[in-house]
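Participant: I am attaching a structure below and will ask some questions about it afterwards.
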């Protein structure tokens, strides 16, 4: 996406404004991420190394999955509106996994005169297994005046 959205002007508790599916993770993407991140741990790109370490195949960097969750968040809320964003890594994500990223509104609050939504963020694979779980806090303008 080449532009930042204005963001929603109304949100309700229980709503899921962030809901984005990503295609299955490829070996090529993992190799590119190694170069971009500087994390060249062979467990992410070398199947022989992964197998000798007791895994059936290579798996994605946790931060790679967090980045997808961040992309999904920023497709709905502009980066300037994000006040907090953090995750806990809960499970390994295998190469070939399709990832669905969601953010469910758990609270609406006013902080320092600013309307904010607290979102429970999750990244799940195609089997519904949670790979990342976290929280984001975003500012939104109920009057529709957000940049």
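Residue numbers (the numbering used here): 32 to 178.
Where a beta carbon is used, it is the ideal one built from N, C-alpha and C, also for glycine.
In this text, all values refer to a predicted model and were calculated from it rather than measured experimentally.
#1: Under 7 Å Cβ to Cβ from residue 55, same chain only, skipping five residues before and after it: list those, please.
#2: What residues in its chain sit with their C-beta under 6 Å from that of residue 154, if we drop five residues either side in the sequence?
#3: Since residue 91 and residue 124 are thought to touch, with beta carbons under 8 Å apart, how far apart are those beta carbons, to the nearest angstrom?
#4: Below 8 Å CB to CB, which residues in the same chain sit around residue 172 once its five sequence neighbours on both sides are set aside?
#5: Count the other CB atoms within 10 Å of the CB of residue 150; is the residue buried (16 or more) or exposed (fewer)?
Facilitator: To lay it out plainly:
#1: 127, 128, 129
#2: 96, 100, 130, 132, 162, 163
#3: The C-beta distance from residue 91 to residue 124 rounds to 4 Å, short enough to meet the 8 Å contact threshold.
#4: 38, 40, 146
#5: Result: buried.
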